[in-house]
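Down below is the structure, laid out as structure tokens.
Number of protein chains: 2
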Amino acid sequence: MSVRALWFERGRLFLLDQRRLPSRVVVQGYTQVEHVAEAIRSMVVRGAPSIGVAAAYGMALASRQAGWTSARAARLLGSTRPTANDLFVGIDAVRSAWDHGRDPLEAASEYRDIVVGECHRIGEAGAPLFRTRERVLTHCNAGALATVEWGTALAPLRVAHDRGSPIFVWVDETRPLLQGSRLTAWELEQEGIPHAVIADNAAGHFMRRGEVDAVIVGADRIARNGDFANKVGTYEKAVLARENGIPFYVAAPFSTFDPASADGTAIPVEERSEEELRRMGGSELMPRKSRARNPAFDVTPSRFVTSFITPTGLASPRGLGQVFRARVRATEARSAARGSARARTGRRSTRRSD
Amino acid sequence: MSVRALWFERGRLFLLDQRRLPSRVVVQGYTQVEHVAEAIRSMVVRGAPSIGVAAAYGMALASRQAGWTSARAARLLGSTRPTANDLFVGIDAVRSAWDHGRDPLEAASEYRDIVVGECHRIGEAGAPLFRTRERVLTHCNAGALATVEWGTALAPLRVAHDRGSPIFVWVDETRPLLQGSRLTAWELEQEGIPHAVIADNAAGHFMRRGEVDAVIVGADRIARNGDFANKVGTYEKAVLARENGIPFYVAAPFSTFDPASADGTAIPVEERSEEELRRMGGSELMPRKSRARNPAFDVTPSRFVTSFITPTGLASPRGLGQVFRARVRATEARSAARGSARARTGRRSTRRSD
Numbered sequence: 003m004s005v006r007a008l009w010f011e012r013g014r015l016f017l018l019d020q021r022r023l024p025s026r027v028v029v030q031g032y033t034q035v036e037h038v039a040e041a042i043r044s045m046v047v048r049g050a051p052s053i054g055v056a057a058a059y060g061m062a063l064a065s066r067q068a069g070w071t072s073a074r075a076a077r078l079l080g081s082t083r084p085t086a087n088d089l090f091v092g093i094d095a096v097r098s099a100w101d102h103g104r105d106p107l108e109a110a111s112e113y114r115d116i117v118v119g120e121c122h123r124i125g126e127a128g129a130p131l132f133r134t135r136e137r138v139l140t141h142c143n144a145g146a147l148a149t150v151e152w153g154t155a156l157a158p159l160r161v162a163h164d165r166g167s168p169i170f171v172w173v174d175e176t177r178p179l180l181q182g183s184r185l186t187a188w189e190l191e192q193e194g195i196p197h198a199v200i201a202d203n204a205a206g207h208f209m210r211r212g213e214v215d216a217v218i219v220g221a222d223r224i225a226r227n228g229d230f231a232n233k234v235g236t237y238e239k240a241v242l243a244r245e246n247g248i249p250f251y252v253a254a255p256f257s258t259f260d261p262a263s264a265d266g267t268a269i270p271v272e273e274r275s276e277e278e279l280r281r282m283g284g285s286e287l288m289p290r291k292s293r294a295r296n297p298a299f300d301v302t303p304s305r306f307v308t309s310f311i312t313p314t315g316l317a318s319p320r321g322l323g324q325v326f327r328a329r330v331r332a333t334e335a336r337s338a339a340r341g342s343a344r345a346r347t348g349r350r351s352t353r354r355s356d
Numbered sequence: 003m004s005v006r007a008l009w010f011e012r013g014r015l016f017l018l019d020q021r022r023l024p025s026r027v028v029v030q031g032y033t034q035v036e037h038v039a040e041a042i043r044s045m046v047v048r049g050a051p052s053i054g055v056a057a058a059y060g061m062a063l064a065s066r067q068a069g070w071t072s073a074r075a076a077r078l079l080g081s082t083r084p085t086a087n088d089l090f091v092g093i094d095a096v097r098s099a100w101d102h103g104r105d106p107l108e109a110a111s112e113y114r115d116i117v118v119g120e121c122h123r124i125g126e127a128g129a130p131l132f133r134t135r136e137r138v139l140t141h142c143n144a145g146a147l148a149t150v151e152w153g154t155a156l157a158p159l160r161v162a163h164d165r166g167s168p169i170f171v172w173v174d175e176t177r178p179l180l181q182g183s184r185l186t187a188w189e190l191e192q193e194g195i196p197h198a199v200i201a202d203n204a205a206g207h208f209m210r211r212g213e214v215d216a217v218i219v220g221a222d223r224i225a226r227n228g229d230f231a232n233k234v235g236t237y238e239k240a241v242l243a244r245e246n247g248i249p250f251y252v253a254a255p256f257s258t259f260d261p262a263s264a265d266g267t268a269i270p271v272e273e274r275s276e277e278e279l280r281r282m283g284g285s286e287l288m289p290r291k292s293r294a295r296n297p298a299f300d301v302t303p304s305r306f307v308t309s310f311i312t313p314t315g316l317a318s319p320r321g322l323g324q325v326f327r328a329r330v331r332a333t334e335a336r337s338a339a340r341g342s343a344r345a346r347t348g349r350r351s352t353r354r355s356d
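Each protein sequence line maps, in turn, to chains A and B.
According to the numbering used here, the residues represented by the first sequence are 3 to 356, in order.
According to the numbering used here, the residues represented by the second sequence are 3 to 356, in order.
Shown next as structure tokens:
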């Protein structure tokens, strides 16, 4: 049984509540865009590719609700979280369909299929790297939960494991929300891939002792020069990997590549509530009068990246121009295919919003 | 009211239970060495200088219990935790008194006074560094709780704050046991020093954004070449500080300097129970079948240290030979002083154990 973060069925978007894992598996159905927006904001669903798909379906739900225009729905969903590029790509994919009179739900499902397909290709492209680099450290969750199916960072490890490589994963627990210990460990456990959870603090220790062969992470937004945002702590792992001569890989679908960001300084970093550091379960973890700062992401300069693993294969930071061009070509090809399909069926724009 | 980790009064060693802070202030009295050993093992008391003093008093308690020899008490207390050098120095200080017929309790109190005095001098020696480096990151707790009074890493910050420097402390929460958010934040809050708790993952982010002027930590054991062990994650901060051109200071009393360790490879690193990562309060943080690895310390090579802050002032890693010689001279001076005191009072060895 494969892990799925979300799916659409009989008019409802179903989200696996990722805040409750691993102790409870809770699935909730959504029919209204407001509730989908709140689910993204409160991290019922998280991971850049997954929130892009959730937002795409949120747009589709809005198109069936009274009183919603595509612009209003896009504004609401776009205000939920600032960093992940995929959110905006998912919204725009459906908004464009909605504005051009195509079926928004069909567009959302098409967007989903594209993301899943790209993650699958990432798995195939990245797997050969892990034939000889078997002890792999990952940060946060860039697995199926983060990407609907397959994962980005975890996809190559899954494929390598399936092909018989003795993969072992070091799982950074990933404070404050523990996406590593709660989600990545849960996925790996479901699939029988050997792993050990460690405090984020211990990654450097194991790297220095020669017990880490590679690091692989996902991304929330990749700028044109290869600087990228990902879960806070990623920058620390990247610096430590280079210090210890360990290759550092970043796996992402096209939706994470942002042609509008020239470099990392253009990427907005979300700062979340102090409460995520202050409390866990029923326990208070710090004095009430003390303050906390809680950036959810950090930006890692491209010079720390050995290779990006993309749907079209591996790319060095300097070779990213080609990936950006491939991304544009893929979008154009889909538009062209839709254009000819429309021409064939004689369908026309019937709905249009501001 | 100043923070005190432990004190001896009317035949009892009192320990502030550091596991319960900050939500509860619980103090427990101890009269038996077995219970003191268990308190050290389970981290009721922690921090290298504090566990050294607790062990010294544990030896003194053993000397008043039936059936204990100095060797047996030293073996028990020495088996509690392997990394902190201070533990063994504190044990040996009292064992030597016991074996030579001096009063073990007096020796324990003398050892305590030495540690507190050295921490005070560390504060004076280090404070001038922080007149212009005001936003200081620290990892774990090297405050009064870790050192009986004053602190090591926190001592210079306390002194600088008292002298009017606008000190602001970035407090790494320090997973898995949260000595930063629970203990360091609590101490800083008690003393009105502005601070913010951050996830360990966020330290690199704030360093890269130029919001950290210096890093200061304590140590559990310093080898002759300046390699040192400290709470896991210290190595990560040291690498990140150097990457970002930020000075990195290590503050420690003489008891932390280990002449028997030539370099970091000689320092044993304690690995603690998975449970520290698995659960918090009532919450399970990871899948039951997943494994965890939990090294409590890491070793940072001396090349990452800008200066050691010692009771005799600042020392570069290359200047540590002088600190080790000063440590030996201080010990010899105390022995000589005791010798002449003994000669004056005509006191003789009356008790001796194996």
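For glycine and all other residues, C-beta sits at the position ideal for the given N, C-alpha and C.
Remark: C-beta atoms of VAL117 (chain A) and VAL161 (chain A) do not approach each other more closely than 8 Å. At a Cβ-Cβ threshold of 8 Å, ASN143 (chain B) and LEU185 (chain B) count as neighbours. In this chain, the alpha helix (DSSP H) harbouring HIS163 (chain B) covers 156-164. At least one C-beta of chain A is nearer than 8 Å to the C-beta of ASP202 (chain B). By the neighbour-count criterion, in which a residue is buried when 16 or more other Cβ atoms sit within 10 angstroms of its Cβ, SER81 (chain B) is exposed. Leaving aside the five residues that flank PHE326 (chain B) on each side, the residues in its chain whose CB is nearer than 8 Å to its CB run, in chain order, ARG226, PHE259, PRO261. Flagged as an interface residue toward chain B: ASP300 (chain A), by a C-beta distance shorter than 8 Å. Within its own chain, the residues whose Cβ lies closer than 7 Å to the Cβ of SER309 (chain A), once the five positions on either side in sequence are excluded, are TYR251, LEU316, ALA317, SER318, listed in chain order. Comparing alpha-carbon positions, the option among A:ASN296, A:SER304, A:ALA298, A:SER292 lying closest to PRO24 (chain B) turns out to be A:SER292. Distance from the CA of GLU112 (chain B) to the CA of THR33 (chain B), rounded to the nearest whole angstrom, comes to 19 Å. For PRO297 (chain B), the C-beta contacts it makes with chain A under 7 Å involve ALA204, HIS207, in order along the chain. Interface flag for VAL234 (chain B) against chain A is set, since a Cβ pair is found closer than 8 Å. Between VAL199 (chain B) and chain A, the shortest Cβ-Cβ separation is below 8 Å. For MET288 (chain B), the closest Cβ of chain A is nearer than 8 Å.
Taking 9 Å as the upper bound on Cβ-Cβ separation, chain A lies near no residue of the stretch 71-89 of chain B. Between the alpha carbons of ARG280 (chain B) and LEU180 (chain A) lies a distance of about 11 Å. According to the DSSP assignment, TRP188 (chain A) belongs to the alpha helix (DSSP H) that extends over 187-193. Beta bridge pairing from DSSP links SER285 (chain A) with A:MET282.
GLU136 (chain A) has a beta carbon lying at 8 Å or more from every beta carbon in chain B. In summary, SER257 (chain A) is buried, with 16 or more beta-carbon neighbours lying within 10 Å of its beta-carbon over all protein chains present. Look at VAL241 (chain A): its C-beta is under 8 Å from a C-beta on chain B. In this structure, VAL219 (chain B) lies near THR236 (chain B), with their beta-carbon atoms less than 8 Å apart.
Residue pairing of ARG14 (chain B) in beta bridges, as defined by DSSP: B:GLU11. Distance from the Cα of ARG274 (chain B) is smallest, within the candidate group B:GLN20, B:ARG83, B:ALA240, for B:ARG83.
Rounded to whole angstroms, the gap between the alpha carbons of GLN67 (chain A) and HIS37 (chain A) is 12 Å.
Residues of chain B with a Cβ closer than 8 Å to the Cβ of LEU279 (chain A) are, in chain order, GLU175, SER183, VAL199, ILE200, ALA201. Distance between PHE306 (chain B) and VAL241 (chain A), taken at the CA atoms: about 14 Å. DSSP places ASN232 (chain A) in the strand class (E or B) of the three-state scheme. Membership of ILE311 (chain B) in the beta strand (DSSP E) is indicated by the continuous run 309-312.
Within the stretch 28-96 of chain A, the alpha helix (DSSP H) runs of at least 4 residues that lie entirely inside it are, in chain order, 35-43, 50-66, 72-80. Residues of chain B whose Cβ lies closer than 7 Å to the Cβ of GLY283 (chain A) are, in chain order, MET282, GLY283, GLY284, SER285. In chain order, VAL35, VAL38, LEU79 place their CB closer than 6 Å to the CB of GLY60 (chain B), counting only its own chain and leaving out the 5 sequence neighbours on each side.
Ranked by how close their Cα comes to the Cα of ALA73 (chain B), the residues B:ALA56, B:VAL96, B:THR267 have B:VAL96 in first place. Its Cα nearest to that of GLN30 (chain B), the residue B:LEU17 stands out among B:ALA56, B:GLU40, B:LEU17. Think of a sphere of 9 Å around the beta carbon of ARG160 (chain B): no beta carbon from chain A falls inside it, the nearest being about 16 Å out.
Bridge pairing for GLY315 (chain B): B:THR312 [DSSP].
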